[in-house]
Amino acid sequence: MIKILFFGALRERLQCASLQMALNTPCAVSEVLQQLRQQSGLFAEALADNQLLCALNQQLCGTEVLVQSGDEVAFFPPVTGG
Amino acid sequence: MPDLEMTTAQQPEQKAQQPEQKAQQPEQQQQLQPKFDIRVQNADFSLQDVYQQLAATPYCGAVVTFVGLVRDHPELQLQALELEHYPGMTEKALQQIATEAAQRFDLKAVTVIHRIGLLAPQQQIVLVGVASAHRGSAFAGAEFIMDYLKTKAPLWKKQHDAKGAAWVEAKASDQAQQQKWQ
Chain A
368 MIKILFFGAL RERLQCASLQ MALNTPCAVS EVLQQLRQQS GLFAEALADN
418 QLLCALNQQL CGTEVLVQSG DEVAFFPPVT GG
Chain B
13 MPDLEMTTAQ QPEQKAQQPE QKAQQPEQQQ QLQPKFDIRV QNADFSLQDV
63 YQQLAATPYC GAVVTFVGLV RDHPELQLQA LELEHYPGMT EKALQQIATE
113 AAQRFDLKAV TVIHRIGLLA PQQQIVLVGV ASAHRGSAFA GAEFIMDYLK
163 TKAPLWKKQH DAKGAAWVEA KASDQAQQQK WQ
């Protein structure tokens, strides 16, 4: 199982802060995204935004990095703190 | 990042262990290690308290502090800013930025406080404070931390005004500002 988290405008748009996903691991973050987009039209649309950032186990990462079972993957819009 | 947990406000037990861990280090090494205070909290902070803490840093001759405020605009009628963060990752990201700044600019102490939750116009939102031997590295270190915080730390602002609520869009100028350090 993989834990998926969403933040900010993306979380609000999906009306989902987190979910668990069963995937054959290891797999790339891009494959996780692909699976998520297949959940619904809303997910497909919201996760098509190529400005989205992703983090693996709380470190910013690219979509090519490999995800293992038990990992935490987060997707969120560009940050606006400060 | 061995000293991450001990510096977060939410973990007082770990903070209490700090003197023990430090006591095991040789005296000289202890003096060379920069001191970090990284906090993500809803509560307000006192610039005076942070300044006093930074100014007490051994061998420092310069303290630079920056405080960011919730900014209103005459046409906006801002009611509040709502700050969302990624618990765990935000603290880690701020610690990484502070550590990189300390190495790059030879900072002796770094404090970063970022508030979350609902904040009214003119309230304090972020504080960056650094202590260093000289002013040049202190100014540069504080600016570096703010520029990186704006583009790398997982925090999101939602604006509440007369028209309703909307997420603040990331600015290209903030990206450009951060890239100048590369």
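For the protein sequence lines, the chains are A and B, in the order given. The first sequence finishes on residue 449 if you use the numbering used here, and the numbering steps up by one all the way, no holes. The second sequence finishes on residue 194 if you use the numbering used here, and the numbering steps up by one all the way, no holes. C-beta atoms are modelled at their ideal positions from N, C-alpha and C, and glycine is treated no differently. Since this is a predicted model, take the numbers as computed values, not measurements.
Check	Outcome
Which same chain residues end up closer than 6 Å to residue 118/B when comparing Cβ atoms and leaving out the 5 residues on each side of it in sequence?	149
For residue 103/B, count neighbouring C-beta atoms within 10 Å of its own C-beta (all shown protein chains included) and say buried if the count is 16 or more, exposed if not.	buried
In chain order, what residues of the same chain have a beta carbon less than 6 Å from the beta carbon of residue 189/B, not counting five sequence neighbours either side?	159
Kindly list the residues whose CB is nearer than 8 Å to the CB of residue 177/B, restricted to its own chain and excluding five residues on each side of it in sequence; keep chain order.	94, 170, 171
Residue 142/B by DSSP, collapsed to three states: which one?	strand
So, residue 125/B versus residue 75/B, is the Cβ gap smaller than 9 Å?	no
Measure the beta-carbon distance from residue 46/B to residue 114/B and round it to whole angstroms, keeping in mind my assumption that it falls under 8 Å.	4 Å
Using the DSSP secondary-structure output, state which residues sit across from residue 443/A in a beta bridge.	420/A
Using the Cα positions of residue 130/B and residue 54/B, report the straight-line distance between them to the nearest angstrom.	8 Å
Given a cut-off of 9 Å on the beta-carbon distance, is the pair residue 72/B and residue 143/B in contact?	yes
Roughly how many whole angstroms lie between the Cα atoms of residue 445/A and residue 145/B?	35 Å
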